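Asks: One structure follows; several queries about it will come next.
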DNA sequence: CTTGACCTTCCCCTGCACTGGAACGTCCAG
DNA sequence: CTGGACGTTCCAGTGCAGGGGAAGGTCAAG
């Protein structure tokens, strides 16, 4: 299977596939006599895993950790569990930060609901921020 | 006032000040005979506005818009109000997206609570993702 | 035999907001 | 007069996940 076929089968691009190979997420495939990459169907499953992981918001570095464990012949399940737990905490913190920011911005927005430009002096630029 | 003093007075760095000047956020100040930047106290107020705007999560491009309006001699208050409204909607969308992602990840995490590695085959890498 | 689709490697570019460092000039205290 | 703290310009890199495009090789169809 050539790189274009794999890209179509996995819903990505040839650029991304070469990038993943360079980033250590995809093992370098065999080459045809003319130098073309020649993938097995295992690559489709691997790319599906990568896609699922990306959907879950994992970074390529985190995904590579999991793949490295699997490629070393071990079961990555426990590591995946830990990773998801950390990720969950990260998400909670991000959400809390954004909600706090939203609160601040909503307050500023209310204050600026009936702006009185004469109240804003040029040195302060705008008092509603 | 030299660049180091302004940096100290505004709680930032000389690197950032030169970067802001280059980015069009700070007007190029006068220079001393030896070529040193020589700021007035107005720069402190302007940097305070930039700091407040950054705290509200605005990008430098958005802040520059506001500054450009003020520098053109107009009152930026209405534009600030519109900007805050757009920003509020962006934040709502970001929060909603993150909450949806959190749901997905929480579900995956629960599924992986009692991982059974024998259930994971190598081609799938890990079924808990 | 040639056209066009596909493949190869290579390096640079994107957005965001800076940060690091090199190579050099200036200023003040001791 | 020398050392150190400050200033100057300019170039490059950071993290993230690729994308753009050049210059060339390969392959099947017409």
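Protein chains in written order, with this note's numbering: chain D, 1 to 129; chain A, 1001 to 1129.
Just so you know, even glycine gets a beta-carbon here, dropped at the ideal spot from N, CA and C.
The structure displayed is predicted, hence computed values, not measured ones.
#1: Quick one: list the residues of chain D neighbouring residue 1017 of chain A, beta-carbon separation under 7 Å, in chain order.
#2: Does the beta-carbon of residue 89 of chain D, which I'm using as the reference point, lie nearer than 6 Å to any heavy atom of the ligand ZN?
#3: Going by beta-carbon coordinates alone, are residue 1056 of chain A and residue 125 of chain D separated by less than 7 Å?
#4: Quick one: is residue 36 of chain D buried, meaning 16 or more other Cβ sit within 10 Å of its Cβ, or exposed?
#5: What does the Cβ neighbour count give for residue 1102 of chain A, buried or exposed, with the cut at 16 atoms within 10 Å?
#6: Looking only at C-alpha atoms, which of A:1129, A:1121, A:1074 sits nearest to residue 117 of chain D?
#7: Taking 7 Å as the threshold (C-beta atoms), are residue 81 of chain D and residue 1084 of chain A in contact?
#8: What does the alpha-carbon distance come out to for the pair residue 46 of chain D and residue 25 of chain D?
#9: Out of curiosity, what's the CA-to-CA distance linking residue 100 of chain D and residue 1023 of chain A?
#10: Less than 7 Å between the beta carbons of residue 29 of chain D and residue 39 of chain D, yes or no?
#11: Kindly indicate which three-state DSSP category residue 82 of chain D falls into: helix, strand or coil?
#12: Starting from residue 1099 of chain A, find everything on chain D with Cβ-Cβ shorter than 8 Å and list it in chain order.
#13: Applying the criterion that 16 or more other CB atoms from any shown protein chain within 10 Å of the CB defines a buried residue, is residue 1112 of chain A buried or exposed?
#14: Under 7 Å, do residue 1044 of chain A and residue 1010 of chain A count as touching if we go by C-beta distance?
#15: Just the Cα atoms here: how many angstroms apart are residue 1014 of chain A and residue 1041 of chain A?
#16: Return the chain-ordered list of same chain residues with a C-beta closer than 7 Å to the C-beta of residue 1076 of chain A, the five sequence neighbours on each side being excluded.
#17: Just to confirm before moving on: does the CB-CB distance between residue 95 of chain D and residue 1098 of chain A stay below 7 Å?
#18: Taking beta-carbon pairs under 9 Å, can you tell me which members of the stretch 46-69 of chain D lie near chain A?
Replies: Based on what the coordinates show:
#1: Scanning chain D for C-beta atoms nearer than 7 Å to the C-beta of residue 1017 of chain A yields nothing, as the closest lies near 17 Å away.
#2: The ligand content of the structure shown is nil, which means the ligand ZN is not present either.
#3: No. Outside cutoff.
#4: Classification for residue 36 of chain D: exposed.
#5: Counting Cβ neighbours within 10 Å, residue 1102 of chain A comes out buried, since at least 16 surround it.
#6: Per the Cα distances, A:1074.
#7: It is not a contact, given that the beta carbons lie outside the stated cut-off.
#8: One C-alpha to the other measures close to 9 Å.
#9: Their Cα atoms are separated by approximately 29 Å.
#10: Yes.
#11: Residue 82 of chain D falls in the helix class under three-state DSSP.
#12: By Cβ distance, chain D contributes 95.
#13: Residue burial is scored here from C-beta neighbours: residue 1112 of chain A has at least 16 other C-beta atoms within 10 angstroms and is therefore classed as buried.
#14: With a cutoff of 7 Å on beta-carbon distance, residue 1044 of chain A and residue 1010 of chain A are scored as near each other.
#15: Taking the straight line from one Cα to the other gives about 16 Å.
#16: Hits under 7 Å: 1066, 1069, 1070.
#17: Against a cut-off of 7 Å, the Cβ pair of residue 1098 of chain A and residue 95 of chain D comes out as a contact.
#18: Within the stretch 46-69 of chain D, those residues whose Cβ lies closer than 9 Å to any Cβ of chain A are, in chain order, 46, 48, 49, 50, 52, 53, 55, 56, 57, 58, 63, 66, 67, 69.
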